[in-house]
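A short worksheet on the structure shown next.
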Amino acid sequence: QKEVEQDPGPLSVPEGAIVSLNCTYSNSAFQYFMWYRQYSRKGPELLMYTYSSGNKEDGRFTAQVDKSSKYISLFIRDSQPSDSATYLCAMGGFSGAGSYQLTFGKGTKLSVIP
Amino acid sequence: EAGVAQSPRYKIIEKRQSVAFWCNPISGHATLYWYQQILGQGPKLLIQFQNNGVVDDSQLPKDRFSAERLKGVDSTLKIQPAKLEDSAVYLCASTRQGMTGGYTFGSGTRLTVV
């Protein structure tokens, strides 16, 4: 079982739709939860960051973490064509050597159709 | 604040040749990471530096990959000899010492081995 599981999609939605992206994880040591957005031929860009269970909202984006179920979600409201990208979930934790590292999911490719 | 700089952006080499990638982190960021992102997958950690010392290189294929970070600033990642399966995007990221949460990525170097 991989530490982080994410459905790679692709996911195609019409403009204005609500998008739901999800990841599950198995390592209880993960303490920090992030979503990155990666446009084609670009590096990942940090979109949302949280460290506690519950919801965090930023504009059209809502990140949700359920530590008891080891499940995180990203919701995008009123999706726009400019949201078309690959969305990567990332989990932050400390390695056996005590260093902080991120472990990524495979990414979900999203296309928002005008 | 200038971002993480990487060069070259693209590189095509033949198998068994050698190649080197360069990264200049954000000023003041003591921690530097190299990740490998194979097409359709999430980034995978190769090596982590704290200043000019290696913190974690457990996933670095040391028979062919090497990395250094002289003077605790710029870093180079080398592959010698390259294999077809090394075709990927090599991403550099940096963060301040002791910081958790997400870190900042560069745009990456896209390597194609033919």
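Those protein sequence lines, which keep their order, are chains A and B.
Each step along the first sequence adds one to the number in my numbering, with nothing skipped, and position 91 is 98.
Each step along the second sequence adds one to the number in my numbering, with nothing skipped, and position 81 is 569.
All residues carry an ideal CB built from backbone N, CA and C; glycine is no exception.
| Query | Result |
| --- | --- |
| Exposed unless 16 or more other CB atoms sit within 10 angstroms - verdict on G541 (chain B) | exposed |
| As assigned by DSSP and simplified to three states, the class of S89 (chain A) | helix |
| Run of the beta strand (DSSP E) containing P513 (chain B), from where it starts to where it stops | Segment: none, P513 (chain B) is in no beta strand (DSSP E) and carries neither H nor E. |
| Per-residue DSSP class, three states only, for G541 (chain B) | strand |
| P17 (chain A) at chain B interface by Cβ criterion, 7 Å | no |
| C-alpha distance - E52 (chain A) paired with F593 (chain B), whole-angstrom precision | 7 Å |
| Identity of the residue in B:C511, B:P496, B:G528, B:L565 nearest A581 (chain B) by Cα | B:C511 |
| Paired residues, beta bridge with R44 (chain A) - DSSP | A:E52, A:Y94 |
| Beta-carbon spacing of Y43 (chain A), A97 (chain A) below 7 Å | yes |
| Within-7 Å CB hit, V542 (chain B) to chain A | no |
| Proximity to L54 (chain A) [Cα-Cα], best of A:F37, A:I83, A:K77, A:G23 | A:I83 |
| Pairwise C-alpha distance: L599 (chain B) and P513 (chain B) | 20 Å |
| Own chain, CB closer than 8 Å to P569 (chain B), minus 5 neighbours either side, in chain order | K503, R504, Q505, S506, R552 |
| F101 (chain A) burial status per 10 Å Cβ neighbour count (16 or more: buried) | exposed |
| 7 Å Cβ cutoff, L548 (chain B) in contact with chain A | no |
| Boundaries (first-last residue) of the beta strand (DSSP E) holding R598 (chain B) | 597-601 |
| Under 7 Å by beta carbon: chain A residues contacting Q536 (chain B) | S106, Q108 |
| Unbroken beta strand (DSSP E) run spanning G502 (chain B), endpoints | The question names Gly, yet the displayed sequence has Glu at residue 502 (chain B). Element bounds for E502 (chain B): n/a, residue is neither H nor E. |
| Check whether N29 (chain A) and E10 (chain A) have beta carbons under 7 Å apart | no |
| Cutoff 7 Å: K49 (chain A) Cβ touching any chain B Cβ | yes |
| Partner residues on chain A for V516 (chain B), Cβ-Cβ distance less than 9 Å | The displayed chain sequence assigns Gly, not Val, to residue 516 (chain B). Correct list: empty, because the minimum Cβ distance to chain A is about 17 Å. |
| Contact with chain B by M41 (chain A), beta-carbon distance below 7 Å | yes |
| Residues that DSSP places opposite G61 (chain A) in a beta bridge | A:V72 |
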